[in-house]
Amino acid sequence: MAVLHQAELRPTKLELLTSWLPTRPWSGLAGGEVLEVVAAFRFDDPAGDVGVETFLVRAGDGPLLNVPLTYRAAPLEGAERFLVTTMEHSVLGRRWVHDGAGDPVWADAVHRAAVTGGREADLLRAVDGRLEPAPKHGWASGDGDAAEAPAVTAVEGVSTDGAVTTVRTPVATLVLPRVLTGAAAPPPPAGARLTASWGEDEAAVVAVVLA
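This is the structure in structure tokens:
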């Protein structure tokens with residue numbers, strides 16, 4: 041379960057996405073475009089230390105972009121090129137926000153879900169010292185049926201070719217399509233996959249594939 045705090049964020053998540061995404065060639069975005077968060081979902085970190093969240097965003101009627109992020113209480117050692125920004129969280133203090141592709145906790149979470157048929161974390165909101173269920177704004181589920189999955193403890197390499205990022209780990213290679221709709225969206229390869237969905241009509245896209 042993921043616990044959401046009633047907190048002030050500086051910058052907000054939408055602000056950091058708006059400033060960071062235009063610096064990524066795969067986004068196709070220019071600075072100053074207005075982004076819309078179409079969906080978002082979280083996964084659990086078994087250790088409870090790292091926040092793992094994926095955003096599906098677009099500008100206007102542009103393509104849907106796939107943006108996994110992780111939130112840490114300290115920068116991830118050796119992952120300087122994946123640091124997006126720092127965020128001030130009024131409850132948790134300073135948080136280091138990383139591109140999930142370079143974070144082994146993200147890789148472990150999505151690998152485990154894809155292999156075992158797992159799904160996104162349930163959300164709880166902290167209100168006046170108690171926890172209450174919070175609404176979800178997106179869903180994700182794997183299509184595998186294994187009883188368990190080997191843990192991903194490291195990311196060995198990350199490369200991006202066009203709109204596809206490949207994440208190599210000791211136990212699996214994860215294919216992360218950065219663009220999910222439109223002409224630039226690549227066809228997903230064969231393999232166990234994580235599918236994201238949202239909205240009343242439950243539109244769905246393939247968010248991660250194990251190659």
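Sequential numbering from 41 applies to the sequence shown in the numbering used here.
In this text, a Cβ means the ideal position worked out from N, Cα and C, and glycines have one as well.
Legend entry - Simplified DSSP assignment, three categories, for Ser130: Taking the sequence shown and counting its residues from 1, one reaches residue 130 at position 90. Here Ser130 sits in coil by DSSP.
Inset, instruction - For the segment 111-119 and the segment 225-245, state whether three or more C-beta atom pairs, one from each stretch, are separated by less than 8 angstroms. - result: no
Legend entry - Opening and closing residue of the beta strand (DSSP E) in which Ala80 lies: Locating residue 80 in the sequence shown gives position 40, where the first residue counts as 1. From DSSP, the beta strand (DSSP E) with Ala80 extends over Leu75 to Phe83.
Inset, instruction - Note down the Cα distance separating Asp101 from Val192, rounded to an integer number of angstroms. - result: Taking the first residue of the sequence shown as position 1, residue 101 is located at position 61. Taking the first residue of the sequence shown as position 1, residue 192 is located at position 152. So the two alpha carbons sit approximately 36 angstroms from each other.
Legend entry - One or two residues paired with Asp201 in a DSSP bridge: Within the sequence shown, residue 201 is the residue found at index 161, counting from 1. Val204.
Inset, instruction - May I ask you to verify whether the segment 177-184 touches the segment 68-81, counting CB pairs closer than 8 angstroms and requiring at least 3? - result: Touching, yes, given that three or more Cβ pairs across the two stretches are closer than 8 angstroms.
Inset, instruction - Have a look at Met127 and Thr58 and give me their C-alpha separation to the nearest angstrom. - result: Your numbering for residue 127 matches position 87 in the sequence shown. Your numbering for residue 58 matches position 18 in the sequence shown. Distance between the alpha carbons of Met127 and Thr58: 14 angstroms.
Legend entry - Inter-residue spacing [alpha-carbon to alpha-carbon] between Thr221 and Leu132: By 1-based counting over the sequence shown, the position of residue 221 is 181. By 1-based counting over the sequence shown, the position of residue 132 is 92. If you take the alpha carbons of Thr221 and Leu132, they lie about 35 angstroms apart.
Legend entry - C-alpha distance - Pro65 paired with Val207, whole-angstrom precision: Within the sequence shown, numbered from 1, the residue matching residue 65 stands at position 25. Within the sequence shown, numbered from 1, the residue matching residue 207 stands at position 167. Whole-angstrom Cα-Cα distance: 18 angstroms.
Legend entry - For Trp136, the nearest candidate out of Glu120, Gly157, Pro229 and Ala232 (CA to CA): Sequence index remark: in the sequence shown, residue 136 carries index 96 (1-based). Trp136 has its Cα closest to that of Glu120, out of Glu120, Gly157, Pro229 and Ala232.
Inset, instruction - Note the first and the last residue of the continuous beta strand (DSSP E) segment covering Ala236. - result: If you number the sequence shown from 1, residue 236 lands on position 196. From DSSP, the beta strand (DSSP E) with Ala236 extends over Arg233 to Trp238.
Legend entry - Cα-Cα separation, Ser199 to Gly140: Position 159 of the sequence shown, counted from the start, is the residue given in the question as residue 199. Position 100 of the sequence shown, counted from the start, is the residue given in the question as residue 140. Roughly 13 angstroms separates the two Cα atoms.
Legend entry - Inter-residue spacing [alpha-carbon to alpha-carbon] between Ala149 and Glu188: If you number the sequence shown from 1, residue 149 lands on position 109. If you number the sequence shown from 1, residue 188 lands on position 148. Spanning the two alpha carbons is a distance of roughly 12 angstroms.
Legend entry - Collapsed DSSP secondary structure at Ala154 in the structure displayed: Sequence index remark: in the sequence shown, residue 154 carries index 114 (1-based). Correct three-state label for Ala154: helix.
Legend entry - Distance CB(Ala232)-CB(Leu216) smaller than 8 angstroms: Within the sequence shown, residue 232 is the residue found at index 192, counting from 1. Within the sequence shown, residue 216 is the residue found at index 176, counting from 1. Their beta carbons are not under 8 angstroms apart, which means Ala232 does not touch Leu216 by this criterion.
Legend entry - Counterpart residues of Asp261 in DSSP-defined beta bridges: The structure shown does not extend to residue 261, since the chain is modelled only from 41 to 251, so the question has no answer here.
Inset, instruction - Could you tell me whether the Cβ atoms of Val90 and Val97 are closer together than 8 angstroms? - result: Residue 90 sits at position 50 when you count from the first residue of the sequence shown. Residue 97 sits at position 57 when you count from the first residue of the sequence shown. In this structure, Val97 does not lie closer than 8 angstroms to Val90 by Cβ.
Legend entry - Residue range of the alpha helix (DSSP H) that includes Leu56: To locate residue 56, count along the sequence shown from 1; it is residue 16. From DSSP, the alpha helix (DSSP H) with Leu56 extends over Lys53 to Trp60.
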